[in-house]
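Everything in the sequence shown is counted per our numbering, starting at 17 for the first residue and increasing by one.
Beneath this line is the structure, given in structure tokens, with notes to follow.
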Amino acid sequence: MAETPAPLDPLNEDWERALCVVAHPDDMEFGAAAAVARWTGQGKNVVYCMVTSGEAGIDGLAPDACRAVREEEQVRSAAVVGVDVVDFLHQPDGVLEYGVALRAVIAESVRRHRPDIVITGNFRDTWGGRNLNQADHIAVGRAVLDAVRDAGNRWVFADQLTDGLEPWGGVREVWAFGSPESTHAVDTTATFDAGVTSLEAHAAYIDGLGWENWDPREFLEGMARTTGSRLGVTFAAPFEVFPMGWGE
Ligand SMILES: [Zn+2]
């Protein structure tokens, strides 16, 4: 008999501003966009920050041409779920390295947007099965955790603190969506369709993958339904929660 997966707790929604920091255009849309649509619908402010422009993501398109296509798709995809601000940090796609340089650019974004919550993608080694996670996702997630602390320390990356930019130590939690270690989830039943439309906005990318008969709705539905059953709703998105204070 198959093991019943553990129930998930509802995510805290008592916050106003979230910054989503992910490696690539399309990362948010593979699992988190419907959650974003729910939150912007509640009047929350959500900003996207793309560490790369996904310029190495389409085999048949060279990076210089690909960059503009993917940025344009990401901006449209974000607008579908109520996100009007999409920053691109223009770090190199495919070869991101965890380290001080990556922490610095992410910390600067945290200082600029002053979020309560920072969201990133799964940065565990796998997705829960045997499929390995991708190197950029792992580098970004680890750097996000550190950059959130860096952002609050005025003596770290102090050269950024010009033109009115101040330290920001107000991030309460970092959430990693799609993590196999998820303990929490958010009900996406009412905003599921917006999540699908948001993923479909990455048309050139999806086309470039060359997956025959791949259906974005079917794909997202499979994941959302499994998570929904663990939360007691139809559809949901799973998150691993990292508290950024002390004593937990
Ligand atoms: Zn990615």
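Note that the Cβ used here is the ideal one computed from N, Cα and C, for glycine as well.
Note that the coordinates shown come from a computational prediction; the quantities given were computed from them, not determined experimentally.
Which of helix, strand or coil DSSP assigns to Y64: As a working note, residue 64 is residue 48 in the sequence shown. The answer is strand: DSSP assigns Y64 an E or B state.
Residue of I222, F251 and A217 minimising C-alpha distance to A94: If you number the sequence shown from 1, residue 94 lands on position 78. Taking only the C-alpha atoms, the option nearest A94 is A217.
Sufficient close CB pairs (3 or more, under 8 Å) joining the region 42–49 to the region 210–224: Yes, they touch.
Best match in A163, A72 and E71 for proximity to G115 [C-alpha to C-alpha]: To locate residue 115, count along the sequence shown from 1; it is residue 99. For G115, the closest alpha carbon among the candidates A163, A72 and E71 is that of A163.
Unbroken stretches of the alpha helix (DSSP H), 4 residues or longer, contained in the region 67–155: Inside the region 67–155, DSSP marks whole alpha helix (DSSP H) runs of 4 or more residues at positions 79–96 and 116–129, from first to last along the chain.
Residues of its chain near L236, where Cβ-Cβ distance is below 7 Å and the 5 sequence neighbours each way are ignored: Residue 236 sits at position 220 when you count from the first residue of the sequence shown. When the five nearest sequence neighbours on each side are left out, the beta carbons in the same chain lying within less than 7 Å of the beta carbon of L236 are those of G211, V212 and L215, in order along the chain.
Exposure label - V156; buried when at least 16 CB within 10 Å: Taking the sequence shown and counting its residues from 1, one reaches residue 156 at position 140. With at least 16 other beta carbons inside 10 angstroms of its own, V156 counts as buried.
Buried versus exposed call for Q107 [16 or more other C-beta atoms within 10 Å across all chains shown]: Counting from 1 along the sequence shown, the entry for residue 107 is found at position 91. Answer is buried; the Cβ neighbour count reaches 16.
Cα-Cα separation between V67 and A206, rounded to whole angstroms: Locating residue 67 in the sequence shown gives position 51, where the first residue counts as 1. Locating residue 206 in the sequence shown gives position 190, where the first residue counts as 1. The alpha-carbon atoms of V67 and A206 are separated by roughly 29 Å.
Pair within 9 Å by beta-carbon distance, H266 and N169: Here the chain has residues from 17 to 264 only, and residue 266 is not among them.
Residues near T204 by beta carbon distance below 7 Å, same chain, minus five either side: Your numbering for residue 204 matches position 188 in the sequence shown. By the criterion of a C-beta distance shorter than 7 Å, T204 is surrounded in its chain by A50, A51, R54, G211, A240, F251, A252 and A253, once the five residues flanking it on both sides are discounted.
CA-to-CA distance, A81 to K73, given in whole angstroms: Translated into positions along the sequence shown, residue 73 becomes position 57. Translated into positions along the sequence shown, residue 81 becomes position 65. As written in the sequence, residue 73 is Gly, which differs from the Lys given in the question. Here the alpha carbon of G73 sits roughly 11 Å from the alpha carbon of A81.
A39 beta carbon near ligand 1 (any heavy atom closer than 8 Å): Here the question's residue 39 lines up with position 23 in the sequence shown. Between ligand 1 and the CB of A39, the shortest heavy atom gap is smaller than 8 Å.
Residue environment, R146, which counts as buried when at least 16 other CB atoms sit within 10 Å: Taking the first residue of the sequence shown as position 1, residue 146 is located at position 130. Note on R146: under 16 other CB atoms within 10 angstroms of its CB, so exposed under the neighbour-count rule.
Collapsed DSSP secondary structure at D25 in the structure displayed: Taking the sequence shown and counting its residues from 1, one reaches residue 25 at position 9. Of the three classes helix, strand and coil, the one that applies to D25 here is strand, per DSSP.
Cβ pair Q90, E124 closer than 9 Å: On the sequence shown, position 74 is the one that residue 90 refers to. On the sequence shown, position 108 is the one that residue 124 refers to. E124 is positioned such that its CB atom lies no closer than 9 Å to that of Q90.
Which listed residue (V126, V62 and L118) has its alpha carbon closest to that of D100: Mapped onto the sequence shown, residue 100 falls at position 84. For the residues V126, V62 and L118, the minimum Cα distance to D100 belongs to V62.
Buried versus exposed, by CB contacts within 10 Å (16 or more), P23: Counting from one through the sequence shown, the residue named residue 23 turns up at place 7. P23 counts as exposed, since fewer than 16 other beta carbons sit within 10 angstroms of its beta carbon.
Cβ-heavy atom distance, Q107 to ligand 1, below 8 Å: Sequence index remark: in the sequence shown, residue 107 carries index 91 (1-based). Ligand 1 never approaches Q107 closely enough for any of its heavy atoms to be under 8 Å from the residue's Cβ.
V37 - partner residues in DSSP beta bridges: Position 21 of the sequence shown, counted from the first residue, corresponds to residue 37. Looking at the DSSP output, V37 bridges to C65.
Sequence-distant residues of its chain with Cβ nearer than 7 Å to V96 (five each side left out): Taking the first residue of the sequence shown as position 1, residue 96 is located at position 80. Cβ within range, chain order: A210, T213, S214 and A217.
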